[in-house]
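Number of protein chains: 2
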Amino acid sequence: MVSHRGRGPTIRDVARRAGVSAATVSRVLNDSPLVVEPTRARVRAAVDELGYRMNATARTLSLGRATAVGVVVPFFTTHSVIERLRGVVARLSGYGQRGYDLLLFDVEAPAQRADAMRDLADRNRVAGLLIVSLPIFDAEIDALQRDELPAVLLDVRHPRLPRVVVDNVRGGELAAEHLLAKGHSRIGFVGDHPTNAYGFTSSEDRRRGFGAALERAGNRLDPALQRFGLADREEAEVLTRSLLGRSSPPTAIFAASDLQAIGVLKGCEAMGARVPEDVAVIGFDDVDLAEIVGLTTIRQPLRESGEQAADLLIAAIEDGVDDPVEEVQQLTVVERRTT
Amino acid sequence: MVSHRGRGPTIRDVARRAGVSAATVSRVLNDSPLVVEPTRARVRAAVDELGYRMNATARTLSLGRATAVGVVVPFFTTHSVIERLRGVVARLSGYGQRGYDLLLFDVEAPAQRADAMRDLADRNRVAGLLIVSLPIFDAEIDALQRDELPAVLLDVRHPRLPRVVVDNVRGGELAAEHLLAKGHSRIGFVGDHPTNAYGFTSSEDRRRGFGAALERAGNRLDPALQRFGLADREEAEVLTRSLLGRSSPPTAIFAASDLQAIGVLKGCEAMGARVPEDVAVIGFDDVDLAEIVGLTTIRQPLRESGEQAADLLIAAIEDGVDDPVEEVQQLTVVERRTT
DNA sequence: CTGAAAGCGCTTACAG
DNA sequence: CTGAAAGCGCTTACAG
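Going down the list, the protein sequences come from chains H and A. Everything in the first sequence is counted per the numbering used here, starting at 776 for the first residue and increasing by one. Everything in the second sequence is counted per the numbering used here, starting at 776 for the first residue and increasing by one.
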């Protein structure tokens, strides 16, 4: 009888026990209004007695739709991604009777991206897709729509898909305004390479807004005071040393992310520059690290963004709502000790 | 034809196209040696032409075993957990033809723990379970073994299950030896409540080893210099203030985790105590934060622990290896600026 | 309101 | 070496 590994009781066992058909058991399990109360009770009793638990795999196959949600994230350990994911996790586990399972895909190299998208989309093990911070191609959207697979973007903007984003250009402006108000005029920037293998654009958007705001104030973002590198701490530190090694170093630096800002701080320390006396530093994101080191930063609601994106996805899955809405989240400057 | 949402081609479509039976297609897909080469080629061609992709759900149902691995973690955002998870993720995606999917369960409250275990174990959507940092009950192990569900523990010790752990008692000793070598004699401790709803014991184990080593050196861990609270930063800060508010405050503090050590550092700052001049601080874990703030700490290989645990689980799943081995990882003290 | 039957897309003894 | 058939555990028109 028990073939593979000790499978538990099935719907048929319950049916037998309750003296009804499997169809009826299924109806009770799915809260169909068709079943009369006494029958329901018998079925429920049988379920309890047998310790029956529904096989989600069979259900998925029969229904043609999964109860899991696929989440694709880059660099699983980035603080901002984790913070977003936390919002997603919190939301997902709260939904529906038993919530959605969360299938996690980490993309550590550009090539893995395509694999993840295809795996998740085509194998129909997933009721929807949440794509975090990874630019998506039109061909991929075509594929998703062909499969009628709901998808939501988080921290990525594409006109054809619902998305939760932030106005990065505006964020750059806020950073500029803050530094300007502090009286700085020789201001530097440390961010990602304008072009990168993933197609990330946040850093560039922030820099553009930053530069534009400086110009509007009669100042400018001197190309000589800009440095670009990988989005990590070490690299930001190196770039900062080079910036501070100049004959007339900047008196303030805007880093495209908090992680990079931490690198900037290290660079300042290494070069013997006091923060904020010699050079002020402002980051972007407001990850937990920012508070810990006392970093002034542009806060974006990371956790909330995950919650909102999850909500959008659930709406798309359960109610078929998939207008490509754009939810733009609020940015605020959080002043701490580095400016 | 296409009923639910545009399902892709099935094995039958491929069979028709290749002029063979579905059974043969299945065999080719599963690399059965039974199929002769010319047939294989035809099937492969059909697969390509149709863009066929196997339905993992159907396969799981038919085989009675899943291709996903369930990972249960507490407090998804704790740095140490994330770091471990990263190792798991890296390992899982590398295995087999297409690797294992990762089903993530976050336990934010003790009650969720049971739900997660049951959901994952019973619904047989998962080929194995990786339990991180969460103590497991005998009844749960019984259930797992009844279902023949492979399970591996990470940062938890139970004699009946394979596990990857660290010797926390020894870690405490290392911390004591380090502080003693620095000439400290009035030494405090900040850690978790000895009893907590999750049953975590790391903090207590570390404290015990710490106290024992002090005594062995003719010193002792004065109960008046111990403080217990939740495993978070804010609480550790509050506890530290109380410790430093004493008439004869400790000259060194061992925190049960880096996160708590950061709180200790904040507490020192708030009380105007210089680190390490007035009070030395040592943590435990060596999460990324530790390096960033220059914290001296007891390093445990977090990422590697995830990799090892994943390896054990895969071995259990694929080769049926499930002797309850215990892999004990190396601890080292990393001296930075706080001692 | 309930049941018998077909179907979801695979796999795998069992024949041949 | 290959195919027909039964089965994995559900769901849901279709009858009654």
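Backbone N, C-alpha and C fix where the C-beta goes; we use that ideal spot for every residue, glycine too. Owing to the predicted nature of the structure, the values given are computational and were not obtained by experimental measurement.
### Which residues DSSP lists as bridging Leu878(H), in chain order
Gly845(H) and Leu878(A)
### Task
With distances taken Cα to Cα, identify the nearest neighbour of Asp1007(H) among Phe985(H), Ile911(H) and Ser1032(H).
Ser1032(H)
### Task
Compare the C-alpha of Asp1086(H) against each of Ala821(H), Tyr875(H), Asp788(H) and Glu812(H) and name the closest.
Tyr875(H)
### Message
Just to make sure I have the definition right: I need the residues of chain A whose C-beta is within less than 7 Å of the C-beta of Thr976(H). Which are they?
### Response
Residues of chain A passing the Cβ test: none, with the nearest at roughly 25 Å.
### Task
List the residues of chain H whose Cβ lies closer than 8 Å to the Cβ of Ser807(A), in chain order.
Result: empty, since nearest Cβ-Cβ is about 19 Å, beyond 8 Å.
### Cβ neighbour criterion (16 or more within 10 Å) applied to Val907(H)
buried
### Query
Roughly how many angstroms separate the alpha carbons of Leu1070(H) and Gly984(H), rounded to a whole number?
21 Å
### Message
Does the CB of Leu1064(A) have a neighbour CB from chain H at under 8 Å?
### Response
yes
### Task
Quick one: which residues of the segment 831–849 of chain H get their C-beta closer than 8 Å to a C-beta of chain A? List them in chain order.
Ala831, Thr832, Ala833, Thr835, Leu836, Leu838, Gly839, Arg840, Ala841 and Ala843
### Task
Identify which residue in Ile1089(H), Pro784(H), Glu1044(H) and Asp942(H) has its Cα closest to the Cα of Val1152(H).
Since the displayed chain H opens at 776 and closes at 1114, residue 1152(H) lies outside it and no answer follows.
#### Entry: Rounded C-alpha distance that separates Leu1040(A) from Ser978(A)
18 Å
### Task
Closer than 8 Å by beta-carbon distance: list the chain A residues that pair up with Val1068(H), in chain order.
Ile1067 and Val1068
### Query
How would you call Leu838(H), buried or exposed, if buried means at least 16 neighbouring beta carbons within 10 angstroms?
exposed
### Message
Give me the residue from Arg935(H), Phe964(H), Val939(H) and Ser1022(H) with the minimum Cα distance to Arg981(H).
### Response
Phe964(H)
### Task
Under 6 Å Cβ to Cβ from Arg900(A), same chain only, skipping five residues before and after it: list those, please.
Ala841
### Query
Just by C-beta distance, which residues in the segment 878–889 of chain A are closer than 7 Å to chain H?
Leu878, Leu879 and Asp881
### Message
Between the alpha carbons of Leu905(H) and Gln1083(A), how many angstroms are there, rounded?
### Response
29 Å
### Message
Here's the rule: buried if 16 or more other CB atoms are within 10 angstroms of the residue's CB, otherwise exposed. What is Ala793(H)?
### Response
buried
### Query
When you compare only the Cα positions, how much space is there between Arg795(A) and Val818(A)?
In the sequence under discussion, the amino acid at residue 795(A) is Val, which differs from the Arg named in the question. Roughly 8 Å separates the two Cα atoms.
### Query
Is there at least one Cβ from chain H nearer than 8 Å to Ser868(A)'s Cβ?
yes
### Query
Roughly how many whole angstroms lie between the Cα atoms of Ala988(A) and Gln887(A)?
37 Å
### Query
Can you find a CB in chain H that lies within less than 8 Å of the CB of Gly871(A)?
Note that Gly871(A) has pLDDT 44, beneath the 50 cutoff, so the model's placement of it is unreliable and no number is given.
### Amino acids of chain H, ordered along the chain, whose beta-carbon sits closer than 8 Å to that of Val1096(A)
By Cβ distance, chain H contributes nothing, its closest Cβ being about 15 Å from Val1096(A), past 8 Å.
### Task
Spell out the partners DSSP gives Phe1003(H) in its beta bridges.
Gly966(H)
#### Entry: Backbone secondary structure at Leu809(A) - three-state DSSP
coil
### Query
Does the beta-carbon distance from Ser1023(H) to Arg961(H) come in below 8 Å?
yes
### Query
Is there contact between the segment 1052–1071 of chain H and the segment 1095–1114 of chain H, where contact requires at least three CB pairs shorter than 8 Å?
yes
### Task
Return helix, strand or coil for Gly871(A), following the three-state DSSP convention.
With a pLDDT of only 44 at Gly871(A), under the threshold of 50, the placement of this residue in the model should not be trusted, and no figure is reported.
### Query
Taking Leu949(H) as the reference, which of Asp913(H), Gln1105(H) and Val1062(H) has the closest Cα?
Gln1105(H)
### Query
Curious, which full-length alpha helix (DSSP H) runs of at least 4 residues does the segment 932–1002 of chain H contain?
943–956 and 977–991
### Message
I believe Gly903(H) touches Ile1092(H) by the beta-carbon criterion, under 8 Å. Please report the beta-carbon distance rounded to the nearest angstrom.
### Response
5 Å
### Message
Using the Cβ count rule (16 or more neighbours within 10 Å means buried), how would you classify Leu928(H)?
### Response
buried
#### Entry: Chain-ordered neighbours of Asp1033(H) on chain A, where CB pairs are closer than 8 Å
Ordered by position in chain A, no residue passes the 8 Å Cβ test against Asp1033(H), which lies about 11 Å from the chain.
### Query
Does the beta-carbon of Thr799(H) have 16 or more other beta-carbons within 10 angstroms, so that it is buried, or is it exposed?
buried
### Task
Could you tell me whether the Cβ of Ile1028(A) comes closer than 8 Å to any Cβ of chain H?
no
### Task
Find the nearest neighbour of Ala951(A) within the set Gly993(A), Thr1015(A), Pro969(A) and Glu1052(A), judged by alpha-carbon distance.
Gly993(A)
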